[in-house]
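Working notes, structure below.
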Amino acid sequence: MSDKLENQEQCFVDSNIWLYALIKSGETDEKHSKAKSLISAKEEVIAVSTQVINEVCVNLLRKSIFSEEQIQALIASFYKKYKVIDNNQEVLLQASNLRKKYIFSFWDSLIVASSLQADARILFSEDMQDGLIVSEKLEIINPLKSKN
Numbered sequence: 001m002s003d004k005l006e007n008q009e010q011c012f013v014d015s016n017i018w019l020y021a022l023i024k025s026g027e028t029d030e031k032h033s034k035a036k037s038l039i040s041a042k043e044e045v046i047a048v049s050t051q052v053i054n055e056v057c058v059n060l061l062r063k064s065i066f067s068e069e070q071i072q073a074l075i076a077s078f079y080k081k082y083k084v085i086d087n088n089q090e091v092l093l094q095a096s097n098l099r100k101k102y103i104f105s106f107w108d109s110l111i112v113a114s115s116l117q118a119d120a121r122i123l124f125s126e127d128m129q130d131g132l133i134v135s136e137k138l139e140i141i142n143p144l145k146s147k148n
């Protein structure tokens, strides 16, 4: 992994990375391993948002991977282990400004705004532009991309 992954600055982990870490399937074994390693290595400095928690839970339930009891334990774990950012007025307004400036989707702009609210320096996501620097302080990194 790059030097940026070794640095212990605040980082934000998007829902797709959590889902790869929590779901193991034959098609995604490499991504599963990378996502689990990333979360394990960065555990003390991870931030998530209520949106990320919602997305992770709905996908785990939809795919019948977790029971309701497991979802409740997962939610408690997110709040116990990580910095959780609520989608408040400040985050929603910042997301609107980010959509105008960077042409993000509605949901991606909320993720980026939550990352900035958490004072994260890195946003780990598979779904956004790898290497993009937002507001001169947040870098989007796809930790799952192949090194070809």
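Residue numbering for the sequence shown follows UniProt numbering, starting at 1 and increasing by one per position. Glycine included, each C-beta is placed from N, C-alpha and C at the ideal position.
With at least 16 other beta carbons inside 10 angstroms of its own, GLU55 counts as buried.
Per DSSP, reduced to three states, the secondary structure at LYS145 is coil, with no helix or strand assignment. Following the DSSP letters along the chain, one finds LYS42 inside the alpha helix (DSSP H) bounded by residues 29-42. Burial of ILE53 is indicated by the presence of at least 16 other C-beta atoms within 10 angstroms of its C-beta. Contact check for PHE124 and LEU38: beta-carbon distance about 6 Å, within the 8 Å limit, so the pair qualifies.
In the three-state DSSP reduction, LYS81 falls in the helix class (H, G or I).
Taking all protein chains in view, the Cβ of TRP107 is surrounded by fewer than 16 other Cβ atoms within 10 Å, so the residue is classified as exposed.
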